[in-house]
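Colleague: Dropping the structure in here first, questions after.
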Amino acid sequence: MTADLHQALVTSGAVRHCAGLLGPGERERAGTMRDRAAADRFVVARGLLRSVLAVRLGVPPPDVPLVARCPGCGAADHGPVRLAGAGGPRWSLSVAHTGVLVAVAVGERTGPLGVDVETARRAARVEELAPRLFGPGQHPLLARLPVPVRRAAVLAAWTAAESYAKATGTALGPALARMGARCDALGRVTVAGPGDLAGWWVRGVPARAPHCVAAVTTWRRTAVQVHRRTELATAAGPQPQRRPDRATTDEPPGDEPPARPRARAGTTTPACTGAPTRGEVMERTEDGAVARSAALEHLVRARLAERIGPGTAHGIGREEPFADLGVDSLDIVAVLAALERECGVERIADGELWDLADSVGALVRHLSAHGRPRGGTR
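Heads up: the sequence shown runs through residues 644 to 1021, numbered per this note's numbering.
Next up, the structure:
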């Protein structure tokens, strides 16, 4: 079995072209997204996905029946995308985007897929997550690497963890803990094969854009064809495509049924400064649910401000999806690591992370439900 990985650059021309390939709901969502760069990536990603599926299904791109559902809040305007209809379950889809690059992985009867892409300019922001991505024995080796090499290694491991989380449906916290990436003295990263993750195969693949990295996770013997060029379809219908140049990964061994791998204990990033301390928040919130919620919302917005800027953080609607603002999982993981330490919420790292943290309100509700006041009592 073989899955296909297609990539496209987010250019003004691609945005204009792909806007004509979207369904009504997608156009409405793109029009309401406050971050224009995020909206452009969304438009090109959905346009690319519809182009690929239109050829496979023999229908015009706007007629491809795509649906989305957020696993956290249940909303239908964001979250993982899938193919609807009677034949939908046999198709596996995964979408990723960063900077000027979008990628979609598509497979028919391949089993679950996960793809992630990341840009090197964000490598410094990923570096703090190295303790979650590499085993303890790797830390001295990483510390000896030159800074650019170390950051590239951590970025490769992070991208692999994201792709694994998408393919398996695992929350990003456990995915980070399970990676156990290995790095040699030259900074070359080995992630995981089927024997390491109970049948899941995680590996890096070529990224189409300069200074970007990509990773794909598949199940068992599913190989991946990385298409170096994909022609976008027209709104009228799929066009015959030239056979693309591609690089095909090796086929992994193993045919065991999927199993949930055992998680290793992860570490947390030290908390930032400049917002109420854990003790202050918990003391202020013991008087009542309203005061507790207000104090926690203040803390969440303060931590977001440190990561994405005060103007954006304090202007976010309480239930506004982070994805519509260009706030992605890398930013949220760093924020959650700080909140975890301050509020004593272990479940964020252990099982929630991006799956529930899709808005300020979702974060506040989760912290309120699982935070521990001083003394360890609720």
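Each residue gets a CB set at the ideal place from its N, CA and C atoms; glycine is no exception.
Helix, strand or coil: which one does DSSP assign to Ala748?
Modeller: Three-state DSSP puts Ala748 in a strand.
Colleague: Using 8 Å for Cβ pairs, my map puts His649 next to Leu696. What's the rounded Cβ distance?
Modeller: No, His649 and Leu696 are not in contact; Cβ-Cβ is about 10 Å, not under 8 Å.
Colleague: With a cut-off of 8 Å on the beta carbons, I'd call Gly847 and Ala858 a contact; round off their distance for me.
Modeller: Rounded, the Cβ-Cβ distance is 5 Å, consistent with contact.
Colleague: Kindly list the residues whose CB is nearer than 7 Å to the CB of Val970, restricted to its own chain and excluding five residues on each side of it in sequence; keep chain order.
Modeller: Ile951.
Colleague: Give the C-beta separation of Val724 and Ala711 to the nearest angstrom, bearing in mind that I take them to be a contact with Cβ-Cβ under 8 Å.
Modeller: That belief holds up - the Cβ atoms of Val724 and Ala711 are roughly 5 Å apart, short of 8 Å.
Colleague: Could you name the residues of the same chain whose beta carbon sits closer than 6 Å to that of Gly823, not counting the 5 residues immediately before and after it, in chain order?
Modeller: Same-chain partners within the cutoff: Gly778.
Colleague: For Arg733, count the other beta carbons within 10 Å of its own beta carbon; 16 or more makes it buried, fewer makes it exposed. Which is it?
Modeller: So Arg733 counts as exposed.
Colleague: Nearest by alpha-carbon distance to Ala879: which of Arg864, Val702 and Gly666 is it?
Modeller: The candidate whose alpha carbon is nearest that of Ala879 is Val702.
Colleague: Give me, in chain order, the residues of the same chain whose beta-carbon lies closer than 6 Å to that of Lys809; leave out the 5 immediate sequence neighbours on both sides.
Modeller: Once the five neighbours on either side are set aside, the close Cβ partners of Lys809 are Ser737 and Gly757.
Colleague: For the structure I just gave you, are there three or more beta carbon pairs, one from the stretch 796 to 803 and one from the stretch 855 to 870, closer than 8 Å?
Modeller: Yes: the two stretches touch, three or more of their Cβ pairs being nearer than 8 Å.
Colleague: Return the first residue and the last residue of the beta strand (DSSP E) that Asp647 is part of.
Modeller: Counting along the chain, the beta strand (DSSP E) containing Asp647 begins and ends at Thr645 to Leu652.
Colleague: Determine the contact status of Ala795 and Gly742, defining contact as a CB-CB distance below 9 Å.
Modeller: Not in contact: Ala795 and Gly742 (Cβ atoms no closer than 9 Å).
Colleague: Note down, in chain order, each residue of its chain lying with its Cβ closer than 7 Å to the Cβ of Ala688, except the 5 sequence neighbours on either side.
Modeller: Once the five neighbours on either side are set aside, the close Cβ partners of Ala688 are Val738, His740, Val745 and Val747.
Colleague: Between which two residues does the beta strand (DSSP E) carrying Arg725 extend?
Modeller: Looking at the DSSP string, the run of the beta strand (DSSP E) that includes Arg725 is Val724 to Leu726.
Colleague: Confirm, please, whether the CB-CB distance from Ala727 to Pro708 is below 9 Å.
Modeller: The answer is yes: Cβ separation under 9 Å.
Colleague: With distances taken from CA atoms, which of Ala866, Trp844 and Pro704 is nearest Glu751?
Modeller: Nearest of Ala866, Trp844 and Pro704 to Glu751, Cα basis: Ala866.
Colleague: Can the beta-carbon of Gly754 be found closer than 9 Å to that of Met676?
Modeller: No, Cβ-Cβ distance for Gly754 and Met676 is not below 9 Å.
Colleague: Do you know how far the Cα of Arg793 is from the Cα of Ala657?
Modeller: Looking at the two C-alpha atoms, the distance is approximately 34 Å.
Colleague: Going by the DSSP bridge assignment, what does Val856 pair with across the sheet?
Modeller: Answer is Glu761.
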